[in-house]
Amino acid sequence: MEMAELEENTTSVTTSTDNGEAEDILPSPSPNDTKNDDEAKTLIVPEEVKQDLSEINMHKADEPTTTPETEKLPIKANSWLKVYAQHQLWKDLLLSLTIACCYYIFQTRLGILNYMPGVPASFKLTNQLREPASTHYLIPSSPFDLQLLAQQEQIGYTAIKNCQNKLMNPISAHNYTGGYYLAITNQYLLDYETSSHPIFKKNFTLGPESVAGNPMASFRMLDRFVSLLPLLHTKQYPCDEFKTFGVKMIRIIRWPNEKDVEENIIRILRLQHVYNFKTNDVAQGILANISTEITISPWQSYQFGLIALKHMKYYLAVQWLEHAMNGNGSTRRGTSFYRQVQKTLNEAIIKHDSTWNQSIALTTQYHFSERLVPPGTPKNQDLTKTYKVSETNRNFLVHVYRNELEHFFSFEINYWATCSGEDLRPLWMTSNLFCWLESKNHPTWTIRPLKMELLSLEPDIIQVYDILNDSLIEATLAQTRPNMVSSKVVDRYDPKLSQISTTRTSRQSWLSDWYDPQFSYFSKTVERITGLVATTQTSSEKLQVLSYSFGGHYYPHVDALRNNLTYGLENGDRILTFMYYLSDVQAGGYTSFTAVGVAARPVKGSAVFWFNLFTNGETDEPISQHGGCPVIFGRKTAANKWVRLMDQFQVRKCSAFDKDTEILHRAKINGYVRVDTNIA
């Protein structure tokens, strides 16, 4: 086809409809166009399109003459559109798909922040990083993650502090957006500088660890991550340094959520309940007579009350809601917040009295000892003006029934008392307790005798000091820290049903003696001190390493699995518990022996051990019952070594004594039973 013919054919491009009428493809006809429908409408083709069409037809002219006749027809508008699509539309489509794929990968896989105006970017982080509380651990349960989060926030604080001057620029300050972000920035800096910042100023190196071990500082930190920092993670916030911090942080640790804040509050409420802390003291940052100088605002007090009410801790809910209304006088009557708190307090009073029952009044630990309002009081009136609080059941039970083991709550009552520092051991026992240097149990101790302390005669509970060095402790923690998971409670009748429970709030990992020769020291030490067999695979379990953050605890329980279990039946039940302490604890964290009425203090490098079974194989229950007291400040790391029964047939022979006879027999042996004594 000649070029002249091509140009002639392309200067007027028309198409026909089914009615034979000519119709333009491009452009649309002008409203002023008055030409007849039968008349062809000329289409002006852009010069660049002409050039493309010319080049294409030049190539077609060189093709074989076998080209179908339809291709020799004049080129219509739809033909050059197809050509244009081949050159541009497919490229645009592929480019769009590539961009969409990259965006998806960056958002869901690499954890890149999706900054959107007005939308908290922390809530648009990857869902994988925002782990649901139902399937994953919560940050307050891990002292190591709390420490890491405190370290990351210090970096973010520095970035926000540097942005403050930029926001204080007169142009930004008078701008609505700039003024809004300046207010949020100032609020965040004030909150940080009255909680975490003073801790870092005292000791910058130990700052993250100190924040992680402080329940009040951790609460304020998590609350900032949920309520304040998301407001700054927006496109308009003029701080690239802070945005970079957010991107880097979520690659190290997930962004905290509301469940983490709730868990932190629950842990503080647990401390308040077990140790009988006053609400006003906790709100002022005073725990165990130690002032943190970190206070709780009325709004945060209201949060505490809501969480307590949600978990049916009624007396705590009433006390915190009272403080939110009247605490430090900053809540003004008549405000919407005051009315909101008043309404919630009214709801708490109704729920307390509706679940209070005279017949079970002394078996409910989260109630007051009496109703808050008289029976028959209409519920539709304002009960906050007429209610009257009495002594809490928790305090009443401790005062009246402590050390009375026949009471329904006896072991829990003794747990509260011993964790709070009370010694409930009888006088005849304490007068026969002593400390001594042990050098005869094993040749190892001849040169370096063991420092031993007898804590109880019934059962025999002994604490031994200075048996672990710092290097072994650090190696153990370094090995187990990456594998820590939430501790579970073993179901007595089916261990396969073990699950995470609020009765035990710790993180744990397991360490085998055969993983590294240095870790066999734990089993060898058990053998050398107790005389039992502990170094074979069937004689003891793997070392269980535990980590407790503040509020971490374990309610009273026994370690013996009992005979009706199939779990490890071939190795026998747990005859001995040997608990190593891998850290000191600033406050709290004792091991309470509820039946005995004493608590062992966690001392780094020491261990406490006791027998769970009598020599006739019966369970030493309930006198071997024990629990882990909640950690108040700091963190607690411990390791359990459980020795099994069957491999001890040569070193701890069975006895014909029943339990009562054996207890009497023990008492006759110099006032106590040495751990290597065989009762025949």
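Okay, so the sequence shown: first residue is 1 according to UniProt numbering, each after it adds one.
Beta carbons are placed, not taken as given, at the ideal position from N, Cα and C, and that holds for glycine.
- prompt: How many Å lie between A121 and Y237 at the Cα?
  reply: In this predicted model, A121 has a pLDDT of only 34, less than 50, meaning its place in the structure is not dependable; the value taken from the coordinates is given anyway. Whole-angstrom Cα-Cα distance: 11 Å.
- request: Kindly confirm or deny that the segment 424-435 and the segment 600-610 touch, where touching means at least three C-beta pairs closer than 8 Å.
  value: Judged by Cβ distances under 8 Å, the segment 424-435 makes no contact with the segment 600-610, as fewer than three pairs qualify.
task: Less than 8 Å between the CB atoms is what I'm expecting for V341 and Y314, so what's the real figure, rounded?
output: Distance from V341 to Y314 at the Cβ level is roughly 16 Å; contact not present, criterion being Cβ atoms closer than 8 Å.
field: Sequence-distant residues of the same chain with beta carbon closer than 7 Å to E474, five excluded per side
entry: Setting aside the 5 residues that flank it on each side, E474 has no residue in the same chain whose C-beta is closer than 7 Å to its C-beta.
field: Inter-residue spacing [alpha-carbon to alpha-carbon] between E8 and L94
entry: Caution applies to E8, whose pLDDT of 43 falls short of 50 and renders its modelled position unreliable; the value that the coordinates give is listed next. The alpha-carbon of E8 is positioned some 35 Å away from that of L94.
field: Length of the line joining the Cα atoms of Q479 and D573
entry: Taking the straight line from one Cα to the other gives about 28 Å.
- request: Determine the closest residue to T386 out of D191, T355 and N346, with distance taken between C-alpha atoms.
  value: In terms of CA proximity to T386, N346 leads the group D191, T355 and N346.
field: Distance CB(I160)-CB(Y188) smaller than 9 Å
entry: When the beta-carbon positions are compared, I160 and Y188 come within less than 9 Å of each other.
Nearest to N214 (by Cα), restricted to the options R332, P517, F200 and A595: The shortest Cα separation from N214 among R332, P517, F200 and A595 belongs to F200.
field: Close beta carbons around E527, own chain, < 7 Å, minus the five adjacent residues each side
entry: Around E527: V533, A534 and T535.
Expected contact under 8 Å - CB spacing of I632 and G588 to nearest Å: In this structure, I632 and G588 form a Cβ contact; the two beta carbons are roughly 3 Å apart against a cut-off of 8 Å.
message: With a threshold of 8 Å, are at least 3 pairs of Cβ atoms found where one atom belongs to the segment 139-146 and the other to the segment 184-198?
response: The segment 139-146, when compared against the segment 184-198, does not touch it at the 8 Å Cβ threshold.
message: Going by beta-carbon coordinates alone, are L146 and S520 separated by less than 9 Å?
response: The answer is no: Cβ separation not under 9 Å.
- prompt: From which residue to which residue does the beta strand (DSSP E) around D460 run?
  reply: For D460, the uninterrupted beta strand (DSSP E) run begins and ends at D460 to Y465, by DSSP.
C-alpha distance - A417 paired with R402, whole-angstrom precision: Those two C-alpha atoms are separated by around 8 Å.
query: Alpha carbon to alpha carbon, what distance is there between T205 and I250?
result: Cα to Cα, I250 sits roughly 22 Å from T205.
query: So the beta strand (DSSP E) S592 belongs to, where does it begin and stop?
result: That run of the beta strand (DSSP E) goes T591 to F593.
message: For F245, which residues in the same chain have their Cβ closer than 7 Å to its Cβ, ignoring the five residues on either side in sequence?
response: Closer than 7 Å at Cβ, skipping near neighbours: I155, G156 and A159.
field: Contact check, K636 vs G627, beta carbons under 9 Å
entry: Against a cut-off of 9 Å, the Cβ pair of G627 and K636 comes out as no contact.
query: So what's G207 in DSSP terms, helix, strand or just coil?
result: The answer is helix: DSSP assigns G207 an H, G or I state.
For Y181 and L228, believed in contact at Cβ under 8 Å, the rounded distance: For L228 against Y181, the beta-carbon gap comes to about 12 Å, at or over 8 Å, which does not count as contact.
Coil, strand or helix - G305 by DSSP: In this structure, G305 counts as helix in the three-state DSSP scheme.
field: Burial state of C435, where buried means 16 or more other Cβ atoms lie within 10 Å
entry: Exposed: under 16 other Cβ atoms inside 10 Å.
message: Threshold first: 4 residues or longer. Then list the alpha helix (DSSP H) segments lying entirely within the segment 419-461, N to C.
response: You should have 427-430 and 444-447.
field: Nearest candidate by alpha-carbon position, reference L576, set R224, Q365, V643 and A600
entry: Closest by alpha carbon: V643.
query: Between the C-alpha atoms of V651 and F614, what's the straight-line distance to the nearest angstrom?
result: About 14 Å.
query: Under 9 Å between the Cβ atoms of P602 and S624?
result: No, these two residues do not count as a Cβ contact at 9 Å.
message: DSSP has A183 in a bridge; who is on the other side?
response: Paired residue(s): none; A183 is not in a bridge.
- request: Would you mind sorting M216 into buried or exposed? The rule is 16 or more other CB atoms within 10 Å of its CB.
  value: M216 is buried by the Cβ-count criterion.
field: Helix, strand or coil at W356 according to DSSP, with G and I counted as helix
entry: W356 falls in the coil class under three-state DSSP.
- request: Assign S624 to one of three DSSP states: helix, strand, or coil.
  value: Coil.
message: Please report the distance separating the alpha-carbon of G285 from that of I268.
response: Approximately 11 Å, taken between the alpha carbons.
- prompt: Leaving out the 5 sequence neighbours to the left and right, which residues in its chain are closer than 8 Å to E258 when beta-carbon positions are compared?
  reply: Hits under 8 Å: V226.
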